[in-house]
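A short write-up of the structure that comes next.
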Amino acid sequence: MSDTAQPNRPAAPTAETSTVNGRRLGPASTATHPLATAPVGSPSHNVDGFVREFLHELNTNQGVTLSASSLNDQYLALASTVKNYLMARWLETGLKTRAAKVKTVGYLSAEYLLGRQLDNALLASDLADIAEKGLELCGIDLADLRVQEVEPGLGNGGLGRLAACFIDSLATMDVPSIGYGIRYEYGIFRQTFVDGRQVEQPDTWLALGAPWEFPHPESAVQVHFGGHTERYADDGGQERTRWVPSWNVLAVPYNYMVPGYLNGRVNTLRLWSAQATKAFDLQIFNSGDYAQAVRAQTFAENISKVLYPEDSTPQGKELRLQQQYFFVAASLRDFIDHELEPGFDLHRLPERITFQLNDTHPVIAVPELMRILIDEHGFDWDEAWEVTRQCFDYTCHTLLPEALEVWPTELLGRLLPRHLEIIFQINDQFLSLVRQTYPGDEMLARRMSMISEHPERGVRMAFLATVAASRVNGVAELHSQLLRDKVLPDFSSLWPEKFTNVTNGVTPRRFVRLSNPLLSELITDTIGAGWLTDLERLKELEPYADDPQFRERFAAVKAANKHRLTDLLRARDGIDLPDGHLLDVMVKRLHEYKRQSLKLLHIVSLYEQVISGKISAADLTPRTVVFGAKAAPGYRMAKDTIHLINKVAAKVNAAPELEERLKIAFPANYNVTLAETLIPAADLSEQISLAGMEASGTGNMKFALNGALTIGTDDGANVEIRRLVGDKHFFLFGMDEPAVSALGAKGYNPGSCYEANPQLKATLDLILSGHFSDGDRHLFDSVVYNLLNQDRFMALADFQAYVDTQAKVEERYADQEAWTRSTILNVARTGYFSSDRSMRDYLQRIWHTSPML
Ligand code: 26V
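For any residue, its number in my numbering is found by taking its place in the sequence shown, counting from 1, and adding 766.
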């Protein structure tokens, strides 16, 4: 065999990339050895072998002896050791997948909110016990090393975390797949509070070393920007177009292992980092203006510098469009040039790849593939469109109109002139089809055009994605329905069969097994092993809900998880959680539609009733409300809401009248790592968005799977959670989506809610009085007057229903046996929300491919 391709490193550099800074850096194509195409084996799977490996890594990688090593040295050496155990599987996965020539899933996502890697890698390689024992022999506590890791926060929230869950499930289900994205040098900001206000700090997640990544600068690909297009006649006299770009950057791949759970597959996540090309280096020598040349270099490298916060509207966000094209162009180039065998006939591309567009961020991949096929490979338009159409599917993750990307044509044309031409042509062809199908309906054609004319000419990326994709899906049943009916109604009439639903899921490896080891042990003790990769088996727990002994054990797990959280918050934030409280948790991005303000009104209302003597503190169910939320740095209302929560917390927590029966904890910098301790401790999960606004939610699933009951609206995946767990075990409140629409149509007046409800009035008046702001009556005008005058998300309309339903929560909680029974049933009935099931649905309904097994 002479095949020397290395599976996790692109085999042959293209002509363009074979030299970097003047050096030939491609893999040695002449290497031959009997072992050239096989990995050289794994370290031995026992404690002694592990210790040897670990010490070897400490010595050779960190350059220290055990006695001289820092915790960071030890953590990095441990990570290397674990990687070595996974390495043979990773290499084999690449070889096996290449040889099989099967279809790969290319997940294109601008965000991956991975969370810490160490425990997941230990779990997937079945090394956790061995590592713990081995480290103990070295006098090291694994727990001390675990906390050294700074999580890669390369996403904003649900969309990025979903991508991380999906790649975990794809690996665990033995599906060949590559995740493509951006290696941001700075991920989501680190949140701190100063006088109760959010202050953002840069997330320097790479500062102490990044042991999980494998950079491959020798396999960098070029990405071009700017310039103009030219027509020319090719050798056969055929009129062709060429793009003459004016600048370029290098995209350097960083590979990450994505290990399946105990199944031998290790897939790849390939994140791209931007680097200046030789052109920039030359400028340094030639321009004489060294500072200017370095600035130019910085300009190129800025592309992957920082994750964009989700408040940024696309208008004027040139760097964000650069990021999108950067990672998508590099990924297509990588797949076509390096993952496919040389000489592969691109007419057959759909047999080998299906690209999933995670929201509209990667949609520029559509004209990019058209450009590659037509301009570089000589396809005619129809041939290219036929291939492109079959290569893409699109997932929409929102219903908010302002979250749908529209790129100004001025910007697109300046940055990617050839792509804009192609988009215009796709649009022309599409509109001819519309006019043919609906003759005479010019209004319809205008409505469906990918080009919007107001407030400026722009490309509606969701429309482009919908036209190009084979399948378009929403992320929960209600969301998919609203997507068809409200966001893309004209498209769903034209192509009803294109639209489908895949309800989101979460990986049970991270969000049950790793985050809740005690519950996992209890489950395995009760129903045996196997549920972790077949989560519907949790159903077998159902009969045990009626077993008092099991209930006792289940309740003991929850109590232990609360203690674990108490310890963490004391050490991490200096927060003291009281014992024996109902733990009421609302963690998610801060957004008006999610209605943290409604939760706050509930708290202030309880507080107001006690301090005004309407009720006594003894009437309160002891309750601690935990908030976790980041506000986008430019989102004023969200930041003001955080400030208000912190001010209310200071006052409520110090109030002697409450006799310690109502507390608020707001640890800063909510992230995946905190979620893993917080969620298993929760009693009550707050999922209170205005109906019709939350596309799915995935936190809601994590809470239910960890034995919290939900108080929630009929929104997103709450609908499906409630249907599965049963009405009795879910606290539903508030308007449903049709009622919201009807109220909106009739005209909603929040002021009348305020006037009509004395308790609501007293609550808002207390805030307005300056009670929480040291007498400053105007500090929170923005929040309060917005609620009183506008209240786009109808918090006041749902206030009374929410308060009443909280009373029902307290009633149930007072009966601990009944409460625990409900929580067990929540766990037993929510196995559906495994991301393994989501992946199965994508495989069947969208990708039409199957695991390799
Ligand atoms: C973006 C923007 C940008 C402009 C200002 C308002 C706004 C609001 C939200 C977003 C995020 C849109 C994409 C997103 O993260 N969607 C989330 O995707 C999750 C995974 O499907 C889903 O569970 C959440 O319900 C959905 O909000």
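Just so you know, even glycine gets a beta-carbon here, dropped at the ideal spot from N, CA and C.
R1114 counts as exposed, since fewer than 16 other beta carbons sit within 10 angstroms of its beta carbon. At least one heavy atom of ligand 1 sits closer than 7 angstroms to the Cβ of E1460. If you look at W1038, you'll find it isn't in any alpha helix (DSSP H); it sits in the beta strand (DSSP E) that goes 1032 to 1042. If you check the CB distance, S1097 and R1155 do not come in under 8 angstroms. With a cut-off of 7 angstroms, the C-beta of A1169 is classified as near ligand 1, since at least one heavy atom of the ligand falls inside that distance. Uninterrupted beta strand (DSSP E) stretches at least 3 residues long and entirely within the segment 1309 to 1365 occur at 1348 to 1353, given in chain order. Taking the Cβ of L928 as the reference point, at least one heavy atom of ligand 1 falls within a distance shorter than 7 angstroms. At least 8 angstroms separates the beta-carbon of Y1160 from that of A1059. For F991, DSSP records a beta bridge to W1013.
Residue pairing by DSSP puts I948 in a beta bridge opposite W1038. Beta-bridge analysis with DSSP links R1006 to Y998. V813: member of the alpha helix (DSSP H) spanning 813 to 826, first to last residue. The nearest non-hydrogen atom of ligand 1 is 7 angstroms or more from the C-beta of H1127. The continuous alpha helix (DSSP H) containing T1064 extends over residues 1056 to 1067.
Taking non-hydrogen atoms of ligand 1 into account, the C-beta of N1239 is found less than 7 angstroms away from none of them. For the pair L879 and Y1056, the Cα-to-Cα distance works out to about 38 angstroms. Spanning the alpha carbons of P1314 and T1589 requires a straight line of approximately 13 angstroms. F1196 is the residue among F1196, A1561, V830 whose C-alpha sits nearest the C-alpha of D1256.
Taking C-beta atoms as the reference points, F1599 and G1271 count as a pair closer than 8 angstroms. Going by C-alpha positions, I1487 is about 46 angstroms away from E823. Taking C-beta atoms as the reference points, N1021 and E979 count as a pair closer than 8 angstroms. In the three-state reduction of the DSSP assignment, Q1089 falls in the helix class. Counting the other CB atoms within 10 Å of its CB gives P1108 a total below 16, which places it among the exposed residues. In this structure the segment 979 to 995 does not lie against the segment 810 to 822, because fewer than three pairs of beta carbons, one per stretch, are closer than 8 angstroms.
A residue is called buried when at least 16 other Cβ atoms come within 10 angstroms of its Cβ; T826 does not meet this threshold and is exposed.
For E1134, the CB stays at least 7 angstroms from every heavy atom of ligand 1. Beta bridge pairing from DSSP links Q1582 with no other residue. For W1173, the enclosing beta strand (DSSP E) starts and ends at 1172 to 1174.
The DSSP-derived three-state label of F1497 is strand. Of the residues V913, Q1375, R1489, L888, the one whose Cα lies closest to the Cα of R1595 is R1489.
Contact check for Q957 and E966: beta-carbon distance about 7 angstroms, within the 8 angstroms limit, so the pair qualifies. According to the DSSP assignment, R1402 belongs to the alpha helix (DSSP H) that extends over 1402 to 1420. Between E1460 and G1492, the beta carbon gap of about 21 angstroms keeps them out of contact (Cβ cut-off 8 angstroms).
By the neighbour-count criterion, in which a residue is buried when 16 or more other Cβ atoms sit within 10 angstroms of its Cβ, E1287 is exposed. The closest heavy atom of ligand 1 lies 7 angstroms or more from the beta carbon of L1123. Exposure of I1381 is indicated by the presence of fewer than 16 other C-beta atoms within 10 angstroms of its C-beta.
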